[in-house]
Amino acid sequence: MSKRRKKKGLLAAQKPKRRWSLFARFWKISLLGFLLSLSLGWTYIWLQKHPAQRLSSHERPQLVADKDLSPDDQVRIRDAYRHLSEVTPETLAPLALELHQSMGLRSINVIQTKPFQIHVATEPFVAAMVVELDMWRFVTDDGIVFGQTTEREVQTLPVLKGLDRKAPLVRSPNGTIVPSSGNQRIIDDTLLAISEGKRYNIEYRTLLYDDFRGLAGELQEPAYKVTLGFTPYSNKYLKLEKILTSLKQRGLTSATIELDYKGKAFVKETVL
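Its first residue numbered 1488, the sequence shown is counted upward by one per residue in the working numbering.
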């Protein structure tokens, strides 16, 4: 007779699983933790040496700069932006300050206008006059001294002479010049004279300040010479307007007008 095979149950057919001892489990977990810590450590060191790579190009918001900026200024802004370790309001504020001080701008704002867009808005200095200080420098219409130029390069802006060229100057962080208080007062008075003169279509070619007689200037067209004196200028311009109208009607292209003597006006006509 053939021998019958004993049927094996379902449980008997399964091989028992190998169980890890407590020590083996602990060793395995420790090894994984060590490898993870080592990887994170190397990543941290690499990011410190390559801060600009913390955000890849597709993760970093797009930078949009004013089109009026020169190509060199746009490159400078984009280069500084790429070196940010991260893009947050806390990092954008110092970036704006750094650019403001290094680029000689009147103002610069770096703000996030959209989730993936950073906008850079700038305002340059605009010259309203040229002054003779340590060298020929530009002045804005609100009295900020900036930049430098030469007398030959000045063609359309009024030029102010007669300031104390030996007075100390202070350079601000963004490159503007802070003159002495005495020179600043003269600059402000001259800008007032230019501004009020434009209301009467009076424009100056040159202006000269004198400590005793105040402000005098040569007009653009015709080249009349006018002594305004000291502030206020409003009543003097009312008189000057009438005088200029009379001189032009008579066809005189050269004259000297003095408005600085106790409310009176003196006119010396010159026939060429």
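Glycine included, each C-beta is placed from N, C-alpha and C at the ideal position.
Quick check: the region 1709-1724 against the region 1677-1691, are at least 3 beta-carbon pairs closer than 8 Å? Yes, the region 1677-1691 touches the region 1709-1724.
For Val1597, the three-state DSSP class (helix, strand or coil): Looking up residue 1597 in the sequence shown gives position 110. Residue state, collapsed to three classes: strand.
Ends of the alpha helix (DSSP H) at Ala1583? On the sequence shown, residue 1583 is found 96 positions in, with the first residue counted as 1. Segment 1576-1590, the alpha helix (DSSP H) holding Ala1583.
Roughly how many angstroms lie between the CA atoms of Val1445 and Val1613, to the nearest whole one? With the chain represented from 1488 up to 1759, any question about residue 1445 goes unanswered, as that position is not in the structure.
Please confirm whether Gly1649 and Tyr1696 have their CB atoms less than 9 Å apart. Taking the sequence shown and counting its residues from 1, the one referred to as residue 1649 is at position 162. Taking the sequence shown and counting its residues from 1, the one referred to as residue 1696 is at position 209. Contact: yes.
Could you spell out where the alpha helix (DSSP H) holding Asp1560 opens and where it closes? Position 73 of the sequence shown, counted from the start, is the residue given in the question as residue 1560. Element bounds for Asp1560: 1558-1569.
In angstroms with no decimal places, state the Cα-to-Cα distance between Ala1580 and Pro1660. Here residue 1580 corresponds to residue number 93 of the sequence shown, with the count starting at 1. Here residue 1660 corresponds to residue number 173 of the sequence shown, with the count starting at 1. Using only the alpha carbons, I get a separation of about 16 Å.
Reducing DSSP to helix, strand and coil, say where Gly1704 ends up. Against the sequence shown, residue 1704 aligns to sequence position 217. Here Gly1704 sits in strand by DSSP.
Answer with buried or exposed for Leu1527, where buried requires no fewer than 16 other C-beta atoms within 10 angstroms of its C-beta. By one-based count along the sequence shown, residue 1527 stands at place 40. Residue placement at Leu1527 is flagged as unreliable, the pLDDT there being 45, under the threshold of 50; the coordinate-derived value follows with that caveat. With fewer than 16 Cβ atoms within 10 Å of its Cβ, Leu1527 is classed as exposed.
Cα-Cα separation between Pro1645 and Ile1689, rounded to whole angstroms: Within the sequence shown, the letter at position 158 stands for residue 1645. Within the sequence shown, the letter at position 202 stands for residue 1689. Roughly 12 Å separates the two Cα atoms.
Taking C-alpha atoms, which residue in Leu1702, Val1641, Leu1734 lies nearest to Glu1708? Locating residue 1708 in the sequence shown gives position 221, where the first residue counts as 1. Checking every option, the nearest Cα to that of Glu1708 belongs to Leu1734.
Determine the direct distance from the alpha carbon of Glu1585 to that of Ile1631, and round the result to whole angstroms. The residue labelled residue 1631 in the question sits at position 144 within the sequence shown. The residue labelled residue 1585 in the question sits at position 98 within the sequence shown. Approximately 20 Å, taken between the alpha carbons.
Is the beta carbon of Ala1710 sitting closer than 9 Å to the one on Arg1692? For this step, residue 1710 is matched to residue 223 along the sequence shown. For this step, residue 1692 is matched to residue 205 along the sequence shown. The answer is yes: Cβ separation under 9 Å.
Should Phe1699 be labelled buried (16 or more other beta-carbon atoms within 10 Å of its own) or exposed? Taking the first residue of the sequence shown as 1, we reach residue 1699 at position 212. Classification for Phe1699: exposed.
As a quick exercise: from Leu1550, Ile1674, Thr1637, Glu1683, pick the residue whose alpha carbon is nearest that of Gly1701. Residue 1701 sits at position 214 when you count from the first residue of the sequence shown. It is Ile1674.
Tell me where the alpha helix (DSSP H) around Arg1692 begins and ends. Position 205 of the sequence shown, counted from the first residue, corresponds to residue 1692. Note, Arg1692: premise wrong, no alpha helix (DSSP H); beta strand (DSSP E) at 1691-1697.
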